[in-house]
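*Asks:* Got a structure for you, written out below as structure tokens; questions coming shortly.
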Amino acid sequence: MKKTIGLAVCFLLFTLGGCALMETKNSRPYIEKQVSNVEKVYPTENVYDLFDTFPSGFQLVYDKLSDKEGYRYSESVELFGDSSKKYLSGKYERSRKELASSIEEVLDTFSVEYTKDGLIRSDTKEKIAFPKEGFLFQNLTLDKSVLASQTVNNYSYNVNTESYFIRYSPFTYPQSNMRDETILMIMGDEPYDKHGFSRSVSLDDGNAVIIERIDEYSVLKNIPLWEKENE
């Protein structure tokens, strides 16, 4: 009987301890601490300076989404930074998805390179005016002082995936023409965090949503095989 009670007490303590841990992780201070390393990249005015930040290489994904006449349009670029050559190459894609049926259509796609003059097609060397105003990390300073001055609208930690996000709304930025309803979100995944820098930032100004993700190579090589197969 004593043994049974002892086991029950141990189970209860373990359960309560687990709940307390999850409650701590699903808190603003914990999530703010997790995302604080975003200032490592935001800002970086020169794209090539990312090679100094991530000597082993990195991947950059930039996607601009907007809804119009029953469709969701996506314009995106995915670049991989080869640190041995300080060379950036990847793919540009423009597509649209019918909102009513989720049927997706690729409108245009081709290989690209990033040069000191910006994005160009790999085949014709034609310059691509995208992103028109540069990447988010070239335009946003997201250090502790800037984030501390913002209004936190929501935050969450998912115990199953160990992913988290924090949302600032309205996001006000000094010396900018951002709309009053602009929303900034910073997202991450703890399984990736332990391998290096892995951060997603999204900016929604009411007209379009920009989602930008940067992963250093040490994170990419540790992505589970099943995730790679389902990308």
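Residue 237 is where the sequence shown ends in our numbering, and the numbering goes up by one at each step.
Beta carbons are placed, not taken as given, at the ideal position from N, Cα and C, and that holds for glycine.
Residues in the same chain with beta-carbon distance under 7 Å from Lys92, minus the five sequence neighbours each way, listed in chain order, please.
*Replies:* If you number the sequence shown from 1, residue 92 lands on position 86. Only Tyr54, Phe57 meet the Cβ criterion.
*Asks:* Does DSSP put Asn52 in a helix, a strand or coil?
*Replies:* Taking the first residue of the sequence shown as 1, we reach residue 52 at position 46. In the structure shown, Asn52 sits in coil (DSSP, three-state: anything other than H, G, I, E or B).
*Asks:* Which same chain residues end up closer than 8 Å to Met7 when comparing Cβ atoms and leaving out the 5 residues on each side of it in sequence?
*Replies:* As a working mapping, residue 7 is identified with position 1 in the sequence shown. For Met7, the predicted model reports a pLDDT of 48, less than 50, meaning its position is unreliable and no value from the coordinates is stated.
*Asks:* Suppose the cutoff is 6 Å on Cβ atoms and the five residues either side in sequence are ignored; what does the same chain contact list for Tyr161 look like?
*Replies:* Counted from its first residue, the sequence shown places residue 161 at position 155. Cβ neighbours of Tyr161 beyond the five flanking positions: Arg34, Ile37, Ile172.
*Asks:* Between the Cα of Val158 and the Cα atoms of Thr178, Phe86, Leu142, which residue gives the shortest distance?
*Replies:* Position 152 of the sequence shown, counted from the first residue, corresponds to residue 158. The residue with the shortest Cα to Cα distance from Val158 is Thr178.
*Asks:* At 3 residues or longer, and completely inside the stretch 139 to 196: list those beta strand (DSSP E) runs for me, N to C.
*Replies:* Here the runs fully enclosed are 158 to 164, 169 to 174, 189 to 195.
*Asks:* Going straight from the alpha carbon of Arg102 to that of Lys74, what length do you get?
*Replies:* Position 96 of the sequence shown, counting from 1, holds the residue named residue 102. Position 68 of the sequence shown, counting from 1, holds the residue named residue 74. The alpha-carbon atoms of Arg102 and Lys74 are separated by roughly 10 Å.
*Asks:* Return the Cβ separation of Glu187 and Tyr68 in integer angstroms, given the expectation that the two are a contact with Cβ distance under 8 Å.
*Replies:* Position 181 of the sequence shown, counted from the start, is the residue given in the question as residue 187. Position 62 of the sequence shown, counted from the start, is the residue given in the question as residue 68. Glu187 to Tyr68, Cβ: 22 Å. No contact.
*Asks:* Please go through the same chain and pick out, in chain order, the residues whose beta-carbon is closer than 7 Å to the beta-carbon of Val152, but skip the five residues on each side of it.
*Replies:* Looking up residue 152 in the sequence shown gives position 146. So the list is empty, once near-sequence residues are dropped.
*Asks:* Considering Glu119, what are the terminal residues of the beta strand (DSSP E) in which it resides?
*Replies:* In the sequence shown, counting from the first residue as 1, residue 119 sits at position 113. It spans 110 to 121 - the beta strand (DSSP E) in which Glu119 sits, taken as one unbroken run.
*Asks:* Can you tell me where the alpha helix (DSSP H) holding Lys39 begins and where it ends?
*Replies:* Residue mapping note: residue 39 aligns to position 33 of the sequence shown, counting from 1. Run containing Lys39: 34 to 41, per the alpha helix (DSSP H) assignment.
*Asks:* Answer with buried or exposed for Ile192, where buried requires no fewer than 16 other C-beta atoms within 10 angstroms of its C-beta.
*Replies:* Taking the sequence shown and counting its residues from 1, the one referred to as residue 192 is at position 186. By the 10 Å Cβ count, Ile192 comes out buried.
*Asks:* In terms of alpha-carbon separation, which member of Tyr77, Tyr170, Lys122, Ser108 lies closest to Gln40?
*Replies:* Counting from one through the sequence shown, the residue named residue 40 turns up at place 34. If we check each option's Cα against that of Gln40, Tyr170 comes out closest.
*Asks:* Rounding to the nearest angstrom, what Cα-Cα distance links Gly63 and Pro49 in this structure?
*Replies:* Translated into positions along the sequence shown, residue 63 becomes position 57. Translated into positions along the sequence shown, residue 49 becomes position 43. Their backbone Cα atoms lie some 18 Å apart in a straight line.
*Asks:* Identify the continuous beta strand (DSSP E) that holds Ser204 and give its terminal residues.
*Replies:* Here residue 204 corresponds to residue number 198 of the sequence shown, with the count starting at 1. Unbroken beta strand (DSSP E) run through Ser204: 204 to 210.
*Asks:* Apply the 10 Å Cβ neighbour rule to Asp149 and answer buried if 16 or more other Cβ atoms are within range, or exposed otherwise.
*Replies:* In the sequence shown, residue 149 corresponds to position 143, counting from 1. By the neighbour-count rule (16 or more Cβ atoms within 10 Å), Asp149 is not buried but exposed.
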